[in-house]
Amino acid sequence: MSPTAVAAGPARPPRTTLGHGGHRPEIDGLRAVAVLLVAAYHVWLGRVSGGVDVFLVLTGFLITGSLVRAATGEGIRYGAFLARLAARLVPTAAVVVLATLAATWLLLPETRWRGAPGDAVAALLYHTNWRLALDSVDYLARDGDISPFQHFWSLAVQGQFYLLWPALVAVAVWAARRAGRDPRPVLVGALSAVLVLSLAYSVLMTRADQPWAYFDTGARLWEFALGGLLALLLPVLRPARATRVALGWTGLAALVACGALLQVSSVFPGYAALWPTLAAVAVVVSGTSGSVLGADRLLTLRPLRYLGSISYALYLWHWPVLVFHLALTGRDLASPAGGAAVLAMSVLLAAATTPVADRLARLGRGGGRRAAVRGVAAALACLLPVLGAAAAWSGQQAAERARWADLLADGSSYPGAAAGAAAAEGVPDLPVYPPLVWAAEDAPVTYADGCNQTTAGTEVITCVYGSDEPVRTVALVGGSHAAHWFPALEEIAHARDWRLVNIVKGACLFTDAPQTYLGEPYTACAEWNRGVMAELRELRPDTVFTTGTTTSLDKSAGFGEEQVVDGYVDRWRELGGLGIDVVAVRDTPRFGFDVPGCLAESGPEECTVEPEGSLAAVSPMDGLDLPPNITVLDLTDLFCGPDVCRPVIGNVLVYWDDSHIGATFMRTLAPELERRWIRAEGRHG
329 MSPTAVAAGP ARPPRTTLGH GGHRPEIDGL RAVAVLLVAA YHVWLGRVSG GVDVFLVLTG
389 FLITGSLVRA ATGEGIRYGA FLARLAARLV PTAAVVVLAT LAATWLLLPE TRWRGAPGDA
449 VAALLYHTNW RLALDSVDYL ARDGDISPFQ HFWSLAVQGQ FYLLWPALVA VAVWAARRAG
509 RDPRPVLVGA LSAVLVLSLA YSVLMTRADQ PWAYFDTGAR LWEFALGGLL ALLLPVLRPA
569 RATRVALGWT GLAALVACGA LLQVSSVFPG YAALWPTLAA VAVVVSGTSG SVLGADRLLT
629 LRPLRYLGSI SYALYLWHWP VLVFHLALTG RDLASPAGGA AVLAMSVLLA AATTPVADRL
689 ARLGRGGGRR AAVRGVAAAL ACLLPVLGAA AAWSGQQAAE RARWADLLAD GSSYPGAAAG
749 AAAAEGVPDL PVYPPLVWAA EDAPVTYADG CNQTTAGTEV ITCVYGSDEP VRTVALVGGS
809 HAAHWFPALE EIAHARDWRL VNIVKGACLF TDAPQTYLGE PYTACAEWNR GVMAELRELR
869 PDTVFTTGTT TSLDKSAGFG EEQVVDGYVD RWRELGGLGI DVVAVRDTPR FGFDVPGCLA
929 ESGPEECTVE PEGSLAAVSP MDGLDLPPNI TVLDLTDLFC GPDVCRPVIG NVLVYWDDSH
989 IGATFMRTLA PELERRWIRA EGRHG
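Count along the sequence shown from 1, add 328, and you get the number used in my numbering.
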């Protein structure tokens, strides 16, 4: 399941009647349909349904109506408004977060503990969307395990909306009154402006960087504005009964079909999100049609209305329950029976927690400062213990880091590549470093620096490291298997006063030959490669360091066995014409499974692979007629013995995932890389 194929659900609005005609029972049914679609698509299909967009529209619809009534009456009391929301939303969220923290520690391998405290805090403080947006721009981060807190992203977006919308409504009403005008037309104009601007931004950002746009509040505001406009205009919309019947069923059918016909996680928000949002608008406009054929007859059934009343808690519970179920069963998707059990458990948990949350929410109801204080107190009473638990776990992790700093002070205990790829003799038997819980942090620093282009991006990103007055400039160019050599190259650059220029892109080989990614033509890679050559013509580095072969266990990537990919040699020859030398290093072996995860469940001897699993018996570069500007390096013996490739060498973890070498191990390999490189070139520079 793609980490961007994540949950999205309802932040529970305050119970209120609407200015255009009172409580709408069919909206409870619509909530139920939306949350069931969200859950069912996650559980059985591993896809996103578009249900998030329904909830965003309904939130805009209900909150705008409530704020307009307040603003045109006694005025919006910002503190009281937020206190009521906190009293309603925080208790359930806090219970779910605390339970998820505990289950993460008890049920998930330690490789998935690292981010849990931070994820919990982000969930409760309503900034999960930005946390995920920062991760989503990293190609390698998207290959990681999905967080059981990930579904809180949509609640974070709604929380940020709650902070903004009262001010927007209040300013519009104030401006209308100051001009002596009816506030509603002014509000229609203000919300229309938000809709147009946010939708335009959403379309542009989705095209430029869809993973970021998916979590960007600015790219989602138009959906709230659409719901707000619906609340303002609904009183004047009076479609005929037959039209309402058609609207209701058309909207429901479109909503159900959305997730099946669109790959929501990879095309939303943008204009594609108009599909589920307009479907929700159609259902709300249809209202209670008064016809036995109307969709409201379905939506107002008692079971659906009940599920709608617990939809907030059901949404919160279904995702962690699913994540833990998949972790325990080792499946990517739930079986029919397992999925039914996930949904049943989620409904039971939602049914148990909703009444308790409702009782706490009553503390924040009513007007006046006392009600606001009670609401805030109720929220804090639930919030602070969970934040304390997350802080305690984070503190324990910090203490563990300090302990490791002491262990590493003795360099001989963790020789890494210097110990040799065979089972090293004379190396003390010590815990592996980095600890498995930190394995994902052992990627090259360039990822944290934002120096690696994503799979979707085409711009050539260059970052410069090393000497300001270099005796040699080396450009590291290629895909992620070139990028993981960066830590070793950086060590050499500092030692020899070289400049190191990082130019890499996820899953993109340095060739002009056609490539594929996830089974589709990789056009972004081709455009990036053209830009790289233009950059190298201008930069004119002394040397380009890149992969000379490609190992792969994924036939959909276009290559299944180790090979010198089409176009490699032509590109190297082209660089030679520019006076640029090339160091072509043989690709590293692939394990085909998550190495830290395997080590967390089994011992090192159970997590080995044979070299021939991804490597050719003889390097494909051997015997090739290569241009004179090429230096070939093969360091396979530092990763594998004759019969086995080990996940831990010299007490150092070799891989931080299934195929990428950890930065720590690469740094231990630097001296031998330098020695062989200089010897192969036959010079000392």
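Glycine is no exception: its CB is placed at the ideal position from the N, C-alpha and C atoms.
Nothing here was measured: the structure is a model prediction, and the numbers come from that model.
Beta-carbon proximity check, residue i vs residue j, cutoff 8 angstroms
i: S593; j: R827; result: no
i: A768; j: L358; result: no
i: L688; j: P419; result: yes
i: H988; j: A730; result: no
i: R914; j: D962; result: yes
i: T959; j: D909; result: yes
i: A623; j: L580; result: yes
i: V497; j: L525; result: no
i: V522; j: W540; result: no
i: N979; j: V755; result: yes
i: G703; j: R412; result: yes
i: V613; j: L562; result: yes
i: P1015; j: L583; result: Absent from the model: residue 1015. The displayed extent of the chain is 329 to 1013, so no value can be given.
i: C710; j: S377; result: no
i: V714; j: A422; result: yes
i: C836; j: P917; result: no
i: L952; j: V892; result: yes
i: A444; j: W721; result: yes
i: T790; j: V760; result: no
i: A862; j: G785; result: no
i: H904; j: P955; result: The sequence as given places Gly at residue 904; His does not occur at that position. In contact: G904 and P955 (Cβ atoms closer than 8 angstroms).
i: E890; j: A944; result: yes
From the options, residue whose alpha carbon lies closest to that of residue i
i: R397; options: A559, L519, P664 and V805; result: A559
i: A717; options: G978, W433, P939 and A360; result: W433
i: A641; options: R535, V425, E354 and L715; result: V425
i: A662; options: W372, N830 and F993; result: W372
i: A699; options: P999, L410, V363 and G393; result: L410
i: E933; options: D971, L997, W645 and V613; result: D971
i: P511; options: R690, V501 and L580; result: V501
i: L864; options: F838, P849, A678 and T879; result: F838
i: V911; options: Y529, L656, S377 and G876; result: G876
i: G794; options: G941, A784, W813 and H822; result: H822
i: Q781; options: D734, V976 and W856; result: W856
i: F489; options: T790, T545 and Y761; result: T545
i: T879; options: A678, V946 and R625; result: V946
i: H809; options: W458, D463, C968 and D986; result: D986
i: V485; options: Y542, I474, A507 and W647; result: Y542
i: A368; options: A518, G407, A503 and V670; result: V670
C-beta neighbour in chain C for residue i, strict 8 angstroms
i: V976; result: Although the question refers to chain C, the structure presented lacks it and comprises just one protein chain.
Host beta strand (DSSP E) of residue i (start-end)
i: R918; result: No beta strand (DSSP E) holds R918; DSSP gives it neither H nor E.
i: C791; result: C791 to G794
i: L688; result: Looking at the DSSP string, L688 is not in any beta strand (DSSP E); the run it does join, the alpha helix (DSSP H), is P664 to A689.
i: V872; result: T871 to T875
Where the alpha helix (DSSP H) through residue i begins and ends
i: V892; result: Where V892 is concerned, there is no enclosing alpha helix (DSSP H), given that its DSSP letter is neither H nor E.
i: W984; result: No alpha helix (DSSP H) contains W984, which DSSP labels as neither H nor E.
i: G379; result: G379 to A399
i: T657; result: S639 to T657
i: A608; result: L602 to S614
i: R800; result: Premise fails: R800 lies in the beta strand (DSSP E), R800 to G806, not in any alpha helix (DSSP H).
i: L429; result: Y406 to L435
Other residues of its chain near residue i: CB distance less than 6 angstroms, five sequence neighbours each side excluded
i: A451; result: V425, F477 and F480
i: M994; result: P815 and A816
i: D894; result: A841
i: L621; result: V573
i: E819; result: R995 and A998
i: F652; result: A431 and L435
i: G575; result: For the sequence presented, residue 575 should be read as Leu rather than Gly. For L575, where only same-chain residues beyond five positions count, the Cβ hits under 6 angstroms are A610, V613 and S614.
i: C926; result: C935
Residue i CB to nearest heavy atom of the ligand HEM below 7 angstroms
i: A574; result: This structure lacks the ligand HEM; in fact it carries no ligand of any kind.
Other residues of its chain near residue i: CB distance less than 8 angstroms, five sequence neighbours each side excluded
i: L1033; result: Residue numbering for the chain in the displayed model covers 329 to 1013; residue 1033 lies beyond these limits and cannot be assessed.
i: V805; result: I831, V832, F838, V860, L864, V872, F873 and T874
i: V465; result: At V465, the pLDDT of 48 sits below 50, so the modelled position is not reliable and the matter cannot be decided from this model.
Close Cβ partners of residue i (< 7 angstroms) along its chain, the five nearest in sequence each way excluded
i: S639; result: P338, R359, A360 and V363
i: V531; result: G598 and Y599
Every unbroken alpha helix (DSSP H) inside the region 809–834 [4 residues or more]: 814–824
Sequence ranges, beta strand (DSSP E) only - wholly within the region 889–972, length at least 3: Complete beta strand (DSSP E) runs here, min 3: 909–913 and 958–961.
Alpha helix (DSSP H) runs wholly inside the region 500–577, at least 4 long, in chain order: 511–543 and 549–561
Start-end ranges of the alpha helix (DSSP H) lying completely within the region 711–760, minimum 4 residues: none
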